[in-house]
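This report concerns only the one structure given below.
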Amino acid sequence: MTQNQKTSLRDNCLAVRKSINKRSQKLASSIICKKINFLQNYINAESIGLYKPINNEIDLSSLFNNSKKFYYPKVFGKEMNFIKIDALTKFVKNKCGIEEPIGNLNDGVDVTKLDLIFVPLVAFDHNKNRIGMGLGYYDRYLARNKNTFLIGVAYEFQRQEDIQPDPWDIKLDLILTENRNYI
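Per our numbering, the sequence shown runs over residues 42 to 224.
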């Protein structure tokens, strides 16, 4: 898959996702969150990486509770780290319009300390390859540890026949949609 093909696929999937109405987003998010609550990897996890949804991404905010430690991504230049949050944590929008927790690079957690990370995506295939926003933040962060369990969450329409991953692309362990689980 050429970079032009990836860009075109990304643009098409983003356009469809942006057109989803809030009711459909809430329904899909609710279905996926219910599935997550029964996953053994989630039940056993103590430290979890989440994200703030943009452009109608699947919203996992209903998972937030006080029985687990939650971390959200924050970008520092070309790098990303996960910052521990609590109910009082303030979020601000970064230059890409994504809400991030207020914090310093030193506030971040090493990827080896996270049991589970929920990874946003733009497109995926049945082999659990993903296409993200194209800036590589997740791939660079996740390359530092291959042992953290990675779950992608998406709408079924985001599934593509085959995505040819680049050497730096990180494959997911599981992808959940409102219709199926890709194991």
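Glycine included, C-beta positions come from ideal geometry on N, C-alpha and C.
Just so it is clear, the structure is predicted and the values come from calculations on it, not from any experiment.
- With a cut-off of 8 Å on Cβ pairs, the region 187 to 204 is not in contact with the region 114 to 129, counting fewer than three such pairs.
- Boundaries cannot be given for Asp151, as no beta strand (DSSP E) includes it and DSSP labels it neither H nor E.
- In the same chain as Lys109, and ignoring 5 residues on each side of it, the C-beta atoms closer than 7 Å to its own belong to Ala86, Glu87, Ile89, in chain order.
- The straight-line gap separating the alpha-carbon atoms of Tyr178 and Glu120 is approximately 6 Å.
- Counting only the Cα atoms, Gln205 lies some 23 Å from Glu98.
- A check of alpha carbon separations from Lys134 across Ile126, Asn122, Asp127, Ile143 identifies Ile143 as the nearest.
- Distance from the CA of Tyr92 to the CA of Ser102, rounded to the nearest whole angstrom, comes to 8 Å.
- Judged by DSSP in its simplified three-state form, Ile158 adopts strand.
- At a Cβ-Cβ threshold of 7 Å, Ala184 and Ile172 do not count as neighbours.
- Rounded to the nearest whole angstrom, the CA to CA distance from Asn107 to Arg58 is 31 Å.
- The beta carbon of Ile216 lies closer than 6 Å to those of Phe165, Lys169, Gly193, Tyr223 in the same chain, with the five residues before and after it left out.
- Here DSSP, grouped into helix, strand and coil, assigns Asp166 to strand.
- For Ser71, the enclosing alpha helix (DSSP H) begins and ends at 63 to 78.
- Leaving aside the five residues that flank Thr130 on each side, the residues in its chain whose CB is nearer than 6 Å to its CB run, in chain order, Pro142.
- Taken in chain order, the complete beta strand (DSSP E) segments of 3 or more residues contained in the region 73 to 130 are 88 to 90, 110 to 117, 120 to 126.
- Sequence-distant partners of Asp100 (beyond 5 residues in either direction) whose C-beta falls short of 6 Å from its own C-beta, in its chain, are Ser70, Pro94.
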